[in-house]
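Participant: Here you go, one structure.
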Amino acid sequence: MTEEVIVVCPMCSPKEAVGHDVLRPGQNPVVQCHECGAVHPATIEEKKPVKVKVIVSKDDVSFTLHTNIDAGEMIYIDDELVVDDEEADEVYPIIVTAIESGGRRLDREEIENVDVIWGRATDEVTTKISIKVRNGSTSVEKRVPGEFEFIVGQNYNAERKDFHITKIKIRDGGFQSRKGDRVPAKYIKRIFATEAHKRGWGEAKTSWSSKREERY
């Protein structure tokens, strides 16, 4: 991940600091301006940690933690952070869902100006699945690690029901529906599937080299 800093740009913003990507760190850093794309050397002050309040949602429960983030860092919606609260002895990977500053909800903000970060825990997630059955549909849930990948076209099991994934709705509103598409559970809004009937004895695969259906 590219490091970001807030410094002045000699080309487009010589008086007010703006966002830059660090192209070359070290004693003589080189940065690129987000606004105009200019590449130039910069003086980067040593970062000091800022203690930030984080409200973490995990399933149907929310709780408050605090974590230290380097001064000058920009926080964006959908950023992935590790909240490490030493006093509470709690560590949670999260995806940022909201940023609160001065009573407003923003898409991004410099960490010094952030009042509260809202995030969704991704260490373990509960995935909702809609299964199309003969007389309608039924819903089940499957709890997996956030990094676990569901694959369109594969068979899985949840709550003693076998299902075959036909498409996956992502939290940003899009869909993945091509066979072989993979989506980590932490990004999934809902899985759509059909019933997967177990094979009878007469339908069994005869080749030991046949790939087994993926299960978790």
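Under this note's numbering, the letters of the sequence shown match residues 1442 to 1657, in that order. The beta carbon of each residue, even a glycine, is placed where N, CA and C say it ideally should be.
(1) By the three-class DSSP mapping on this structure, what secondary structure does alanine 1626 have?
(2) Suppose contacts are defined by Cβ-Cβ distances below 8 Å. Is glutamate 1550 in contact with serine 1542 by that definition?
(3) Using the Cα positions of threonine 1484 and asparagine 1596, report the straight-line distance between them to the nearest angstrom.
(4) According to DSSP, simplified to helix, strand and coil, what is isoleucine 1510?
(5) Going by DSSP, which residues form a beta bridge with cysteine 1450?
(6) Any chance you could list the beta strand (DSSP E) runs of at least 3 consecutive residues sitting entirely within the region 1530–1613, in chain order?
(7) Out of Phe1604, Ile1629, His1605, Ile1447, which has the shortest C-alpha to C-alpha gap to aspartate 1613?
(8) Under the three-state reduction of DSSP, which class applies to glycine 1467: helix, strand or coil?
(9) If we ignore side chains and look at the alpha-carbon of each, how far apart do histidine 1461 and valine 1491 end up?
(10) Leaving aside the five residues before and after cysteine 1453 along the sequence, list all residues of the same chain whose C-beta is less than 8 Å from its C-beta, in chain order.
(11) Thinking C-beta only, is glutamate 1514 closer than 8 Å to proline 1534?
Facilitator: In terms of the structure at hand:
(1) Looking up residue 1626 in the sequence shown gives position 185. DSSP places alanine 1626 in helix when its eight states are reduced to three.
(2) Numbered from its first residue, the sequence shown carries residue 1550 at position 109. Numbered from its first residue, the sequence shown carries residue 1542 at position 101. Result yes, Cβ atoms of glutamate 1550 and serine 1542 sit closer than 8 Å.
(3) Taking the sequence shown and counting its residues from 1, the one referred to as residue 1484 is at position 43. Taking the sequence shown and counting its residues from 1, the one referred to as residue 1596 is at position 155. So the two alpha carbons sit approximately 54 Å from each other.
(4) As a working mapping, residue 1510 is identified with position 69 in the sequence shown. The answer is strand: DSSP assigns isoleucine 1510 an E or B state.
(5) Translated into the one-based positions of the sequence shown, residue 1450 becomes position 9. In DSSP, cysteine 1450 forms a bridge with Ser1454.
(6) 1531–1542, 1545–1547, 1549–1551, 1557–1562, 1565–1574, 1577–1586, 1590–1592, 1596–1599, 1602–1611
(7) Numbered from its first residue, the sequence shown carries residue 1613 at position 172. Here the closest residue by C-alpha is Ile1629.
(8) On the sequence shown, residue 1467 is found 26 positions in, with the first residue counted as 1. Coil.
(9) By one-based count along the sequence shown, residue 1461 stands at place 20. By one-based count along the sequence shown, residue 1491 stands at place 50. Near 20 Å, if we compare the C-alpha coordinates of valine 1491 and histidine 1461.
(10) Your numbering for residue 1453 matches position 12 in the sequence shown. These residues qualify, in order along the chain: Val1459, Cys1474, Glu1476, Cys1477, Ala1479.
(11) Stepping through the sequence shown from its first residue, residue 1534 is reached at position 93. Stepping through the sequence shown from its first residue, residue 1514 is reached at position 73. Not closer than 8 Å, so no.
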